[in-house]
Amino acid sequence: MAKKLMKGCEAIGEAAIQAGCRLFFGYPITPQNEIPEYMAARLPQVGGTFVQAESELAASNMIYGASAAGCRCLTSSSSPGISLMQEAISYMVGSELPAVIVNIMRAGPGLGGILPSQADYRQAVKGGGHGDYRVLVLCPSSVQEAADLVIDAFDLADRYRNPVLVLGDGLIGQMMEPVEFKPRPPVALPPKDWAANGCKGRKPNIINSLYLVPEVCEQVNHRIAARYQVWEEKETRHSGHNLDSKYDLLLVANGSVARVCQTAIDDLKASGVEVGLFRPISLYPFPIKALREAAARAKNVLVVELNMGQMRDDVDSFLQGRVPVHFYGRQGGMMAAPEEVIEQARAILAGRSN
Amino acid sequence: MQTVFARPESLATVSTHYCPGCTHGIIHRLVGEILDELGVRERTVGIAPVGCAVLAYNYFNCDMIESSHGRATAVATGVKRARPDLCVFTYQGDGDLASIGMGETIHVANRGEKITVIFVNNAIYGMTGGQMAPTTLPGQVATTCPLGREVETAGWPIRMAELLASLRTPAYITRVAVHTPLHVAKAKQVVRKAFQHQLAGRCFSLIEFLSTCPTNWGMTPLEATRWLEANMIPYYPLGEYKTPE
Ligand SMILES: Cc1ncc(C[n+]2csc(CCOP(=O)(O)OP(=O)(O)O)c2C)c(N)n1
Ligand code: SF4
């Protein structure tokens, strides 16, 4: 397929179709309405089904059902709606069901605003709902990457029988960029012999997260947590910019703000100042080892985010005091400009920042 | 020797946790018998609620999914839309269906999902120990209305069959009781019809069962049966509320 100019939200929808997803359940919320709208138009063309649910509570429990029946399915929302989906996400982890959920983040707390934000970082990477669990979190910084990660998300969800969250900020959802859907080699995945889809020729399957015997419930917690260990070994992803230079300062940023940092780095480089960028793509599991390697070559680290420093806290703990960690953030839907990042970088390099 | 009574294949060979005199067991049996008689056990998926029937996933001998509190019909929608060839039913109490899951209930009926809802109205929250339900009768004592339900502050009990029958979307909606052998026999015919409507792809179906909770009503099973007859049936009249024709 040739390159096509697409909005991030539309590319996410098309990527799900390309991944074999034929079911979408969702509820409208800005800035991601183009995902349900794209799916409402596109799914019938490929024999799929689109359902506009009465709420995000219902939409997320519908994907719980469709996934329990063994089918690939998608839901998407933005921050306030994702809060309502936490119930079903926790149940899906507890019942060991695959699912792909897209959060195109907007500003909060409360109703917040409809402009881009990364304020749900902590909710995404620490679990989000009740109970002791994690979801795999993938964070794109371009429309092409959003499409690629959505396709990967379906495979990862099926492989690990765990929900995967694609976490984009509003800018990723709304901007237009060229996208290409290249044919992919088929991936070998375990059969869904656990699905509740009729017990012909076998014993009934039960999809459940209730374990009243504490010893058993504890074992289930351990079994689920064991997969996070595997993720940390096998599923971390990251990228970078200007990392082969001799930099004193390392920026750490994800999503659209990483693009801003890249521009700032190129401008600085033009004036003879070398700064590196480390961009985690998997926010959970976080590429800790790669971060430490990149940070080991810097005298300072600056985390740039569209929130109050949620990833900064993680970076700080991952680096264990080896390098001073600084923070610059914008909130409420404000985007950090390259000039602001340059100013912060220069201040740190000149020893003027705390 | 001729077999005159046997456990339906659609019920698992286990004993249930239901209290003596509780009609949950009868309702399970009716569903099991009909799944057998319609020959659909092997293509049926049941959705268990949160409530006294939470362990129903162990009692039905077909594929089962445990739902979160109130969301059984959203889960059922997901299953049915993914696999329209399957026979899908939910089994829900009044707290589950008429309180926390009210939004899901109205919308699943309004979308006309081709599923069957087994709704067990026992006028109380059984599992959590006898709190007031949206169906608790005026003056009825529960642990969160120790002086009896006051309609001035708690509102009147919700008549779900009537409420859902008011929707424009075609549906099969009936209220039955299972406190006497005659009522059980009649209810079985209703369960059959409800599943037949689903299997024919005709409409959404819901059966409201008036059910006893001797434990939380603080009665013997016999007293509970009499109380249901004297108090519940007058407020919740039995009968067909909506048919697709
Ligand atoms: C989100 C959530 N809220 C509350 C509960 C606690 N809870 C469990 S069962 C139940 C009420 C069940 O009553 P009903 O649906 O009438 O079923 P019954 O037990 O009477 O059969 C409640 C409130 C829960 N499990 N989850
Ligand atoms: S508490 Fe009530 S509804 Fe629950 S099993 Fe006992 S009698 Fe039945």
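Which chain is which? The protein sequence lines are E and H, in order. Using our numbering, you'd call the opening residue of the first sequence number 100 and step up by one each time. Using our numbering, you'd call the opening residue of the second sequence number 15 and step up by one each time. Positions of the beta carbon are idealized from the N, C-alpha and C atoms, including for glycine.
| Check | Outcome |
| --- | --- |
| Per DSSP, cross-strand counterpart(s) of D77 (chain H) | H:V59 |
| DSSP-derived helix/strand/coil call for T91 (chain H) | helix |
| Three-state secondary structure assigned by DSSP to T335 (chain E) | coil |
| Short CB-CB distance (under 9 Å) between D77 (chain H) and chain E | yes |
| CB of V150 (chain E) within 9 Å of CB of R125 (chain H), strictly | yes |
| Distance cut-off 8 Å: M141 (chain H) Cβ against heavy atoms of ligand 3 | As presented, the structure is devoid of ligand 3, carrying ligand 1 and ligand 2 as its sole ligands. |
| Three-state secondary structure assigned by DSSP to P313 (chain E) | helix |
| Local conformation of D257 (chain E) per DSSP, three classes | helix |
| Test item: CB-CB of S240 (chain E) and N341 (chain E) under 9 Å | no |
| Neighbourhood of R101 (chain E) by C-beta, 8 Å cutoff - its chain only, sequence neighbours within 5 removed | In the sequence as displayed, the identity of residue 101 (chain E) is Ala instead of Arg. These residues qualify, in order along the chain: E279. |
| Same chain only: Cβ atoms within 8 Å of A152 (chain E), ignoring 5 sequence neighbours per side | F124, G125, Y126, A158 and M161 |
| heavy atom of ligand 2 below 8 Å from S29 (chain H) C-beta | no |
| Proximal residues of chain E, C-beta to C-beta of R57 (chain H) below 8 Å | G297 and K299 |
| Three-state class that DSSP yields for P228 (chain H) in the structure shown | helix |
| Endpoints, the beta strand (DSSP E) within which A198 (chain E) is located | A198 to M204 |
| DSSP beta-bridge partners of N135 (chain H) | H:L224 |
| Where S188 (chain H) sits in the DSSP three-state scheme | According to the sequence provided, residue 188 (chain H) is Thr. The question's Ser does not apply to it. Of the three classes helix, strand and coil, the one that applies to T188 (chain H) here is strand, per DSSP. |
| Chain-ordered neighbours of V150 (chain E) on chain H, where CB pairs are closer than 9 Å | T91, G92, R95 and R125 |
| Alpha-carbon to alpha-carbon, V265 (chain E) and L248 (chain E) | 7 Å |
| Residue burial classification, G180 (chain E) (beta-carbon count within 10 angstroms, cutoff 16) | buried |
| Spatially closest choice to W330 (chain E) from E:R358, E:L382, E:E136 and E:G267, by CA coordinates | E:L382 |
| Bridge partners - N399 (chain E), DSSP secondary structure assignment | E:L348 |
| Beta bridge counterpart(s) of R163 (chain H) as assigned by DSSP | H:P152 |
| Selected residue, minimal CA-CA separation from E332 (chain E), among E:K281, E:K299, E:A389 and E:S308 | E:A389 |
| Three-state secondary structure assigned by DSSP to Q106 (chain H) | strand |
| Exposure label - S180 (chain H); buried when at least 16 CB within 10 Å | exposed |
| Beta strand (DSSP E) runs wholly inside the segment 125–171 of chain E, at least 3 long, in chain order | 148–151 |
| Residue-level contact to chain E via CB, I61 (chain H), 9 Å cutoff | yes |
| Cross-chain neighbours of L178 (chain H) in chain E, by beta carbon under 9 Å | Those within 9 Å of L178 (chain H) in chain E number zero; the least Cβ separation is about 15 Å. |
| Helix, strand or coil at C261 (chain H) according to DSSP, with G and I counted as helix | Missing from the structure shown is residue 261 (chain H); chain H here goes from 15 to 259 and no further. |
| C-beta neighbour in chain E for S29 (chain H), strict 9 Å | no |
| Chain H residues whose Cβ lies nearer than 8 Å to that of S308 (chain E) | E80 |
| Integer-rounded CB distance, given that P258 (chain H) should sit under 8 Å from P184 (chain H) | 4 Å |
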